[in-house]
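There are 2 protein chains.
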Amino acid sequence: MGISKTEEFSARHNRIAAAAKALSHPARVAILEYLAQQNACICGDIVNHLPLSQATVSQHLAELKKAGLIKGETDGPRVCYCLDGKAWSDIREFLSRFFADVGSCCVQKQK
Amino acid sequence: MGISKTEEFSARHNRIAAAAKALSHPARVAILEYLAQQNACICGDIVNHLPLSQATVSQHLAELKKAGLIKGETDGPRVCYCLDGKAWSDIREFLSRFFADVGSCCVQKQK
DNA sequence: AACATTTATCGTAATATTGCGATAAGATAA
DNA sequence: TTATCTTATCGCAATATTACGATAAATGTT
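Listed in order, the protein sequences are those of chains A and B.
Taking my numbering, the leading residue of the first sequence gets 531, the next gets one more, and so forth.
Taking my numbering, the leading residue of the second sequence gets 531, the next gets one more, and so forth.
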């Protein structure tokens with residue numbers, strides 16, 4: 531992100547931005563949706579499901595994990611990924627609160 | 531974003547990612563919230579309200595405009611920015627639909 | 001016309017992201 | 001142990017983002 535001056539902004543704004551950033555790539559959106567559909571979630575399945583190399587998918591998974599949106603549980607040689615329900619509902623809540631706050635403006639000024 | 535292979539993903543996934551990307555920087559989150567609060571929105575006010583240079587703010591405004599989230603209306607030498615109500619409620623809708631779809635998984639598997 | 005005000009754009013530097021091949025690391029199977 | 005399978009990490013190249021000073025462009029003022 532370049533020399534991003536994140537410290538200059540409020541924690542809340544940074545949190546919203548960080549959550550949005552996790553969703554800011556179609557591969558990560560696809561992964562989250564796939565995890566939701568499958569409920570199972572072996573890493574290899576995700577790799578096969580996406581048009582990206584194993585290394586790249588692993589990187590996207592790491593980012594989602596860093597953002598707290600998913601958890602990986604080791605199961606033998608495999609890793610089973612799953613949404614983190616708590617973090618997910620947190621993000622969902624403060625994003626929708628943000629939408630509610632912001633959405634109440636200006637709208638009436640437009641046809 | 532590097533050599534992003536966006537064409538390989540569905541239009542819907544790309545749309546969600548693009549919307550999230552618009553919100554993925556705290557400055558842009560702060561701008562949107564400020565626009566909502568003020569309802570007015572002269573560019574210079576936004577610049578004064580943020581810890582960034584005029585050039586940088588202008589760049590963030592351009593990104594928000596490109597994403598369709600705001601509109602700028604020229605008023606003499608000034609520009610009056612405002613949320614684009616239609617685009618905003620669109621984004622709000624398909625983001626919350628995404629959250630609804632995805633949120634229904636895995637949650638019960640966690641304590 | 002000359003000047004001031006406001007905003008956009010250009011050019012550039014620093015850093016981040018994306019993608020992948022190669023390879024390491026870990027677990028299981030033979 | 002050796003081989004295999006699965007996933008993570010390293011190293012690199014290509015591109016994108018962030019930030020800002022300088023300057024252009026547009027408007028209004030004197």
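Cβ coordinates follow ideal geometry from the N, Cα and C atoms, glycine included.
Query raised in the report: Within the chosen definition, does the segment 589 to 601 of chain A reach the segment 582 to 597 of chain B through at least 3 CB pairs nearer than 8 Å?
Result: no
Report task. Ignore the nearest five residues each way along the sequence and tell me which others in Arg-608 of chain A's own chain have a CB closer than 6 Å to its CB. Result -> Here the question's residue 608 of chain A lines up with position 78 in the first sequence. Same-chain partners within the cutoff: Ile-572.
Requested in this report: Take the Cβ of Ile-533 of chain B as the centre, count every other Cβ of all protein chains shown within 10 Å, and call the residue buried at 16 or more, exposed below.
Outcome: As a working mapping, residue 533 of chain B is identified with position 3 in the second sequence. With fewer than 16 Cβ atoms within 10 Å of its Cβ, Ile-533 of chain B is classed as exposed.
Report task. State the start and end residues of the unbroken alpha helix (DSSP H) segment that holds Lys-596 of chain A. Result -> Locating residue 596 of chain A in the first sequence gives position 66, where the first residue counts as 1. It spans 584 to 596 - the alpha helix (DSSP H) in which Lys-596 of chain A sits, taken as one unbroken run.
Query raised in the report: What residues in the segment 555 to 568 of chain B bring their beta carbon closer than 9 Å to a beta carbon of chain A?
Result: His-555, Pro-556, Ala-557, Arg-558, Val-559, Ala-560, Leu-562, Glu-563, Leu-565, Ala-566, Gln-567, Gln-568
Query - Cross-chain neighbours of Asn-544 of chain B in chain A, by beta carbon under 7 Å - result: In the second sequence, counting from the first residue as 1, residue 544 of chain B sits at position 14. What Asn-544 of chain B touches in chain A: Pro-556.
Query raised in the report: Counting Cβ pairs, one atom from each stretch, are 3 or more of them under 8 Å apart for the segment 557 to 568 of chain B and the segment 553 to 563 of chain A?
Result: no
Query raised in the report: Does any residue of chain B bring its CB to less than 8 Å from the CB of Ala-550 of chain A?
Result: Here residue 550 of chain A corresponds to residue number 20 of the first sequence, with the count starting at 1. Chain B, which has a Cβ nearer than 8 Å to the Cβ of Ala-550 of chain A, makes this yes.
Report task. Return yes when the Cβ of Arg-545 of chain B is within less than 8 Å of the Cβ of Ala-518 of chain B, no when it is not. Result -> Here chain B comprises residues numbered 531 to 641, so residue 518 of chain B is not present and cannot be evaluated.
Requested in this report: Give the residues of chain B in contact with Leu-582 of chain A, contact being defined as C-beta atoms less than 9 Å apart.
Outcome: On the first sequence, residue 582 of chain A is found 52 positions in, with the first residue counted as 1. Going along chain B in sequence order, the residues near Leu-582 of chain A (Cβ under 9 Å) are Lys-535, Glu-538.
Report task. Output the boundary residues of the alpha helix (DSSP H) element that contains Cys-610 of chain A. Result -> Translated into positions along the first sequence, residue 610 of chain A becomes position 80. No alpha helix (DSSP H) holds Cys-610 of chain A; the beta strand (DSSP E) holding it covers 608 to 613.
Report task. Check whether the Cβ atoms of Ser-626 of chain B and Ser-540 of chain A lie closer than 8 Å to each other. Result -> Looking up residue 626 of chain B in the second sequence gives position 96. Looking up residue 540 of chain A in the first sequence gives position 10. No, these two residues do not count as a Cβ contact at 8 Å.
Query raised in the report: What span of residues does the alpha helix (DSSP H) with Gly-563 of chain B cover, start to end?
Result: Along the second sequence, read from residue 1 onward, the residue named residue 563 of chain B stands at position 33. The sequence shown places Glu at residue 563 of chain B, rather than the Gly named in the question. Per DSSP, Glu-563 of chain B belongs to the alpha helix (DSSP H) from 556 to 568.
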